[in-house]
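Just below is one structure, and these are the notes that go with it.
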Amino acid sequence: MKVVIQRVSSANCVVSGKLISAIESGYLLLVGFKKGDHFDVLPKMVKKIANLRIFEDENGKMNLSLHEVKGSILSISQFTLYANLSKGNRPSFTESMEPNQARIMYHQFNELLKQEGFPVLEGLFGAHMDLSFTNSGPVTIIIEF
């Protein structure tokens, strides 16, 4: 499992010209699963994200968590995180998890984030999505388990 965390001051997801979800300050999460990932990785990833301290305190140091700044999450499924470009210039996605299983894991991941008390909005799994966001900092963190 791989998650790209973008600290954002705003983010939204549009599908077919229609706004699906939008947040103000918080995290834009790009979430990918690879073949062989199991449900036991989800709580570990959620704990890491919940406790991550990448918001600035009064001294300008990254010392505050998403809970402390009362932020939200926009979670977007993204199988392309496991693109393989080792041969040629056209990406191969053979390492990405099969869509039906990935959908189940993605929704379970988001439910666990909600159980942590975060407002969690989603994109539309499997759809072509247009994302707009303002990366604050910029801060981008990649976590893989």
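Each residue of the sequence shown is one higher than the one before, counting from 583 in our numbering.
Note that CB positions come from ideal geometry on N, CA and C, so glycine has one too.
Predicted, not measured: the structure shown is a model, and the values here were computed from it.
Take residue i as the anchor and find which of the options has the nearest alpha-carbon.
{"i": "Ser654", "options": "Ser678, Lys696 and Arg685", "result": "Lys696"}
{"i": "Gly608", "options": "Asp619, Asn594, Gly618 and Met687", "result": "Asn594"}
{"i": "Leu634", "options": "Gly599, His620, Val585 and Ser668", "result": "Val585"}
{"i": "Gln683", "options": "Leu610, Gln588 and Gly614", "result": "Gly614"}
{"i": "Gly599", "options": "Gln690, Phe727 and Ser714", "result": "Ser714"}
{"i": "Ala632", "options": "Val702, Ser668, Asn666 and His620", "result": "Val702"}
{"i": "Lys652", "options": "Ala709, Glu698 and Leu601", "result": "Glu698"}
{"i": "Pro681", "options": "Ser592, Thr662 and Asp622", "result": "Thr662"}
Does the Cβ-Cβ distance between residue i and residue j come in under 8 Å?
{"i": "Leu656", "j": "Ile605", "result": "yes"}
{"i": "Ser603", "j": "Gly705", "result": "yes"}
{"i": "Val590", "j": "Asn717", "result": "yes"}
{"i": "Ile723", "j": "Ile587", "result": "yes"}
{"i": "Leu610", "j": "Ile658", "result": "yes"}
{"i": "Met679", "j": "Lys616", "result": "yes"}
{"i": "Gln690", "j": "Leu612", "result": "no"}
Kindly give me the distance between the Cβ atoms of residue i and residue j, rounded to whole angstroms, as I take these residues to be in contact under 8 Å.
{"i": "Glu677", "j": "Tyr688", "result": "Wrong, their Cβ atoms sit about 16 Å apart, outside the cutoff."}
{"i": "Glu726", "j": "Met583", "result": "7 Å"}
{"i": "Glu650", "j": "Met644", "result": "With a Cβ gap of about 12 Å, Glu650 and Met644 do not count as contacting."}
{"i": "Leu648", "j": "Phe700", "result": "6 Å"}
Inset, instruction - Take every Cβ of the stretch 624-632, pair it with every Cβ of the stretch 663-681, and state whether three or more of those distances are shorter than 8 Å. - result: no
Inset, instruction - Mind listing, in chain order, the continuous beta strand (DSSP E) runs of no fewer than 3 residues lying wholly within the stretch 686-720? - result: 702-704
Legend entry - Length-filtered (4 minimum) alpha helix (DSSP H) runs lying within the stretch 598-659: 623-633
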